[in-house]
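Residue numbers (the numbering used here): 258 to 964.
Here's the structure, in structure tokens; my notes come after.
The following block contains the structure:
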């Protein structure tokens, strides 16, 4: 037999083992179970039906689905799978006796003839005439000409053809009803399957509705003409009108699912579950519905994409191929400070989006929540208390997940409210970044531009570059990471610490207060170098070293020149300060003195004065220490070590003021000047309390330069 040669070897080996397990009664039961699970209208090849058979439903007694399948494969090798001529003749005899059974009804000789449409009536009437006039024309050319002629017909002549068509159509319907009465067996066989009709898409519902209206106006229109007339109208519909049909399609979908559940229970042998879960909405239609339901728009994934989106809004006239190139070029021209601003803006948008998304999820049923979370691919959803669709399926208690999502949304909303009220409540500090993260943040825009906004490739390239970098190159980013860690710890301690009068007084500003000048010659020299931008290409640390070395190289006369300039500015500052203090009211003067004294007390607790130093020198160092932040002090110590090698004690004070003057020249920002102004307040208080202490402080400062 043909089938025996192709039998798999593994089945032949298993046949003797299974032979003892299966009795004749069991094998007959297996075949009966297989019959019961076959579809009612089985007309496919046996291999096709066999591949779709659910063997778990065939299983019976102690025989699993896999065992039943293996036994059937064994039995089927003993059965021929071709038909003999005798069998074909038997089928042919059945066909001759019932030639129309299972065929289309219109092929039956008694089946009524359908009436011709108005156009075909005109075509059949005129075809012979035009064929004689144009014998060289093909049937296709004749059809085109007659179609054009029919469209050009006046309405009166068209009406004649339409009336004839409608009259014959009514007659056809009467004859069809009579045929159904005379041949009920044929009608029964021709009935369609009782499977519920699948729900229609929004576009199909709209098309059927518009088609009825169109045919009322033009009953003679062909299907092609209707499609041509209505084809482009759906895409031109407004969102509001399209949404109406989307809602109708969803309602029809719900009804279909309920009917199908009942049908599947009544017909378990039919595998119809796959069709039930398929959506009737396209991606664009689903997005439109979600938008009207309040789903927030997803923000750009990174700062570079955000910048491109803002830039492209004003580049509508530029070709799309050139837009990305221009965006990449413009991004590279931005300073690091501007890129960081976009990065912060992008992070804020992501936080806002997450809060709005959780609020949107609360308004949805559980199934829709799973769909939205699946679409969003929210990897961080577990941190906020929400679960992904996979985790929801595996978790038996979905109520807890829903409660956690609601709780997380409320918590995020309250955090946002607290952070917006900066004056009353402390803001949670941003978590510290690693050295690699800080480096990636500074260069990600360039990498995204290089890889055409492909974030995956950009991240891989950055990771490879970082791993291949030398330790010297990484050192700067490691230091920045250490500074970021200190910043985080400092902000966290400030947030946890109770509010005190010293902290609140530090924020006080006094209008019209004179700006503090450089304290000595070195500070004046460094301020001049930094303000002209000559050293802007160097990092902060290298700038300090370069300024120190240049100070050592200049002649003593030049040093004296800078020292005199600083002294002159100090004198002018003191005069302006005295005039300003006199212009204050007694209440403002008292507030100013209290402010400076509170600052001294708070600094004294943290850092006590050196008992070996002179009192005037203590006042001077105290004000200088307040003037600098913790990171700047570390840099000052390094520069002081460099300067001490040459025995120049004036540079010790100069470096201290250098970092603050550098920030002042680089940023030119009023916010950074506030720290210097606060330090001036301490110095000024000393001057206002007694001119002797001020002069001694100034004298010590000048002496240190000369030394």
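Just so it is clear, CB atoms sit at the ideal spot from N, CA and C, and this is done for glycine as well.
- Collapsing the DSSP output to three states places residue 429 in a helix.
- A straight-line Cα-Cα distance of about 18 angstroms links residue 405 and residue 476.
- Nearest in C-alpha terms to residue 316, of all of 292, 338, 334 and 300, is 292.
- The Cβ neighbour count for residue 787, taken over all protein chains shown within 10 Å, is at least 16; the residue is labelled buried.
- DSSP, reduced to helix, strand and coil, places residue 303 within a helical segment of the structure shown.
- DSSP links residue 377 through a beta bridge to no other residue.
- The region 280-300 makes no contact with the region 335-347, as fewer than three CB pairs between them are under 8 angstroms.
- Under DSSP, residue 320 forms a beta bridge with 317.
- With respect to the C-alpha of residue 380, the residue from 369, 370, 394 and 399 having the closest C-alpha is 399.
- For residue 366, the closest alpha carbon among the candidates 345, 436 and 373 is that of 436.
- Secondary structure at residue 843: helix, using DSSP grouped into helix, strand and coil.
- Cβ neighbours of residue 566 within its own chain (closer than 8 angstroms, five residues either side excluded): 557.
- Shown here for residue 416: not one same chain residue has a beta carbon closer than 6 angstroms to its own, the five before and five after excluded.
- C-alpha of residue 625 to C-alpha of residue 549: approximately 15 angstroms in a straight line.
- In this structure, residue 777 places its C-beta atom within 8 angstroms of the C-beta atom of residue 820.
- By the 16-neighbour rule on beta-carbons within 10 angstroms, residue 396 is exposed.
- Of all C-beta pairs linking the region 690-700 to the region 720-736, three or more are shorter than 8 angstroms, placing the two stretches in contact.
- Leaving aside the five residues that flank residue 830 on each side, the residues in its chain whose CB is nearer than 7 angstroms to its CB run, in chain order, 771, 773 and 774.
- The way I'd put it, the region 486-495 doesn't touch the region 537-552; fewer than three beta-carbon pairs between them come closer than 8 angstroms.
- The beta carbons of residue 561 and residue 702 sit about 4 angstroms from each other, so the pair counts as a contact at 8 angstroms.
- Around the beta carbon of residue 413, fewer than 16 other beta carbons sit within 10 angstroms, so the residue counts as exposed.
- Closest by C-alpha distance to residue 520, out of 484, 575, 455 and 545, is 455.
- When C-alpha distances from residue 541 are compared across 499, 722, 568 and 474, the shortest belongs to 499.
- The same chain holds no residue with a CB closer than 8 angstroms to that of residue 347 once the five nearest residues on each side in sequence are set aside.
- Residue 490 and residue 609 have their C-alpha atoms roughly 38 angstroms apart.
- Annotation: the region 556-581 contains the following complete segments of the alpha helix (DSSP H) (minimum length 4 residues), in chain order: 560-569.
- Between the C-alpha atoms of residue 537 and residue 299 there is a straight-line separation of about 28 angstroms.
- Between residue 407 and residue 387, the CB-CB gap reaches or exceeds 8 angstroms.
- Straight-line spacing of the CA atoms in residue 779 and residue 611 works out to 52 angstroms.
- Residue environment for residue 459: buried (at least 16 other C-beta atoms within 10 angstroms of its C-beta).
- Inter-segment contact for the region 702-711 and the region 584-594 is present: three or more beta-carbon pairs are separated by less than 8 angstroms.
- Between the alpha carbons of residue 383 and residue 411 lies a distance of about 16 angstroms.
- The residue from 850, 284 and 313 with its alpha-carbon nearest to that of residue 767 is 850.
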